[in-house]
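Visitor:
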Amino acid sequence: MPTCARSPSVETGLYRAAVVGCGRIGCGFDDDSRRGYVASHAGALHRSPRFELAALCDVDFDRVRQYSEKLGVEGRYRDFRVLLDEESPDLLSVCTHADTHEQIVVTAADAGVRAILCEKPLAPTLDAADRMIRACQQRGALLFTGHQRRFDPAHRAAADALRTGALGSVQQVTCYYTAGIHNTGTHLLDLLRLLFGDALWVQGAYSHAAAPDPRDPNIDAIIAFEHAPRVVLSACDVRHYTVFEVDVLAAEGRLRIGSHGFDFEFEAAAPHPRFSGYRGLERTSAPFEVDSPREFLLATMDHIAACLDGQATPCSTGVDGRMALELILALKESADHGGRTISLP
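Under the numbering used here, read the sequence shown as residues 1 to 345, first letter to last.
Structure (structure tokens):
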């Protein structure tokens, strides 16, 4: 049910927003002209017709100055506590390192912030994630996790098609990712939960493909989900190229989500052109709508505004972020014990 309805500013008709953390996902990804889409929280809030980007905050004040001038933001802070006291934002985007998330999120909830968008991974531990979720529940704050694909209509439509059987029963799923199980793997694991329901068990092994940060390893895995009996994850070395791909072979066709979620390809099962009595796969349009252009973060801000309006229910919650973290930790436990099967939850 819609919750947490709140009126926007009488003066502007907009919800006030602030970003804590002016690194890449907070601000800097939009400096990359090749991206061709809005790639940072600050950029999305600046472009959103529903929000006023009122303030930026970072311990590196040079970053604050740089991006405030670029985006025309008046509120400039080193300390997020001062920001909360002086700006009273309706939405706080938390784009700092994971080990700082709990303090910022809990303080924001205590300060009366009504919506908090926390970047992934939600927290370094399940206990920290639980404290964040509990604080927001107790204060009536909406906690969103920044797994962007959940906010994208095409990914949600694909999930609906799979869940309703439009593609038939799932036979096999193969996935590829790079750059660490916490960094990129969390997006993949959350997407798999969206597509196939909760995980039942995992088996993990540390990958031979190197990860850029030794503290965040690549893990190869086999995972069983409610609606997909076997999903295979294979990590690759991002020094060669970046890849994020999900390949679903179902009874009535094949769905490939490639190019980090920007490309959807579908092949339907049809009479084989060469082999009588068999069906093959024939390229056709997907049995669901795929919008173009794709703007994950703009869709994120639209959804959060709708939740603040009381017209939508959060689609990517703190609980979703916690469950992705639980999967990551289970995979690491399995890898530490020679690929032992770890049951969930």
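Note that the Cβ used here is the ideal one computed from N, Cα and C, for glycine as well.
1. Excluding sequence positions up to five away, which residues of its chain have a Cβ less than 8 Å from the Cβ of residue 74?
2. Would residue 160 and residue 244 be called neighbours here (beta carbons separated by less than 8 Å)?
3. Report the three-state DSSP secondary structure of residue 217 (helix, strand or coil).
4. State the Cα-Cα distance for the pair residue 171 and residue 251, rounded to the nearest angstrom.
5. Count the other CB atoms within 10 Å of the CB of residue 10; is the residue buried (16 or more) or exposed (fewer)?
6. Just to check my reading of the structure: residue 116 and residue 136 have Cβ atoms closer than 8 Å, yes? What is that Cβ distance to the nearest angstrom?
7. Buried or exposed: where does residue 184 fall if 16 or more other Cβ atoms within 10 Å of its Cβ makes it buried?
8. May I have the straight-line CA-CA distance separating residue 107 from residue 269, to the nearest angstrom?
9. Among the residues of its own chain, which have a CB less than 7 Å from the CB of residue 165, if the five just before and after it don't count?
10. Can you tell me the Cα-Cα spacing of residue 147 and residue 248, whole angstroms?
11. Please say whether residue 331 and residue 221 have beta carbons closer to each other than 8 Å?
12. Applying the criterion that 16 or more other CB atoms from any shown protein chain within 10 Å of the CB defines a buried residue, is residue 212 buried or exposed?
13. Among all the DSSP beta bridges, which residues are the ones paired with residue 93?
14. According to DSSP, is residue 48 part of a helix, a strand, or is it coil?
15. To the nearest angstrom, how far is it from the Cα of residue 179 to the Cα of residue 219?
16. Output the residue ranges of the alpha helix (DSSP H) runs that lie fully inside the region 143–200 and measure 4 residues or longer, sorted by chain position.
17. Whole angstroms are fine: how far does the CA of residue 282 sit from the CA of residue 276?
Guide: Quick look at the numbers:
1. For the purposes of this step, residue 74 is taken as the residue at position 74 of the sequence shown. Same-chain partners within the cutoff: 54, 55, 68.
2. Counted from its first residue, the sequence shown places residue 160 at position 160. Counted from its first residue, the sequence shown places residue 244 at position 244. No. Outside cutoff.
3. What you label residue 217 is simply residue 217 of the sequence shown in a count that begins at 1. In this structure, residue 217 counts as coil in the three-state DSSP scheme.
4. Here residue 171 corresponds to residue number 171 of the sequence shown, with the count starting at 1. Here residue 251 corresponds to residue number 251 of the sequence shown, with the count starting at 1. Each residue's alpha carbon lies about 7 Å from the other.
5. Working through the sequence shown from its first residue, we reach residue 10 at position 10. Confidence in residue 10 is poor, its pLDDT being 48 and thus under 50, which makes the residue's placement unreliable; the coordinate value appears in the next sentence. The residue in question, residue 10, is exposed, as its Cβ has fewer than 16 Cβ neighbours within 10 Å.
6. Taking the first residue of the sequence shown as position 1, residue 116 is located at position 116. Taking the first residue of the sequence shown as position 1, residue 136 is located at position 136. For a cut-off of 8 Å, the C-beta gap from residue 116 to residue 136 is around 7 Å, short enough to register as a contact.
7. Translated into positions along the sequence shown, residue 184 becomes position 184. So residue 184 counts as buried.
8. Here the question's residue 107 lines up with position 107 in the sequence shown. Here the question's residue 269 lines up with position 269 in the sequence shown. Put simply, the backbone Cα of residue 107 is about 53 Å away from that of residue 269.
9. The residue labelled residue 165 in the question sits at position 165 within the sequence shown. The answer is none, since no qualifying residue turns up.
10. Position 147 of the sequence shown, counted from the first residue, corresponds to residue 147. Position 248 of the sequence shown, counted from the first residue, corresponds to residue 248. Between residue 147 and residue 248, the C-alpha separation is close to 20 Å.
11. Here the question's residue 221 lines up with position 221 in the sequence shown. Here the question's residue 331 lines up with position 331 in the sequence shown. Yes, Cβ-Cβ distance for residue 221 and residue 331 is below 8 Å.
12. Taking the first residue of the sequence shown as position 1, residue 212 is located at position 212. Answer is exposed; the Cβ neighbour count stays below 16.
13. Position 93 of the sequence shown, counted from the start, is the residue given in the question as residue 93. Bridge partners of residue 93: 19, 117.
14. For the purposes of this step, residue 48 is taken as the residue at position 48 of the sequence shown. Of the three classes helix, strand and coil, the one that applies to residue 48 here is coil, per DSSP.
15. Position 179 of the sequence shown, counting from 1, holds the residue named residue 179. Position 219 of the sequence shown, counting from 1, holds the residue named residue 219. Taking the Cα positions, residue 179 is about 10 Å away from residue 219.
16. Those alpha helix (DSSP H) runs which fall completely within the region 143–200 and span 4+ residues are 153–163, 185–196.
17. Counting from one through the sequence shown, the residue named residue 276 turns up at place 276. Counting from one through the sequence shown, the residue named residue 282 turns up at place 282. Taking the CA atoms as reference points, residue 276 sits about 15 Å from residue 282.
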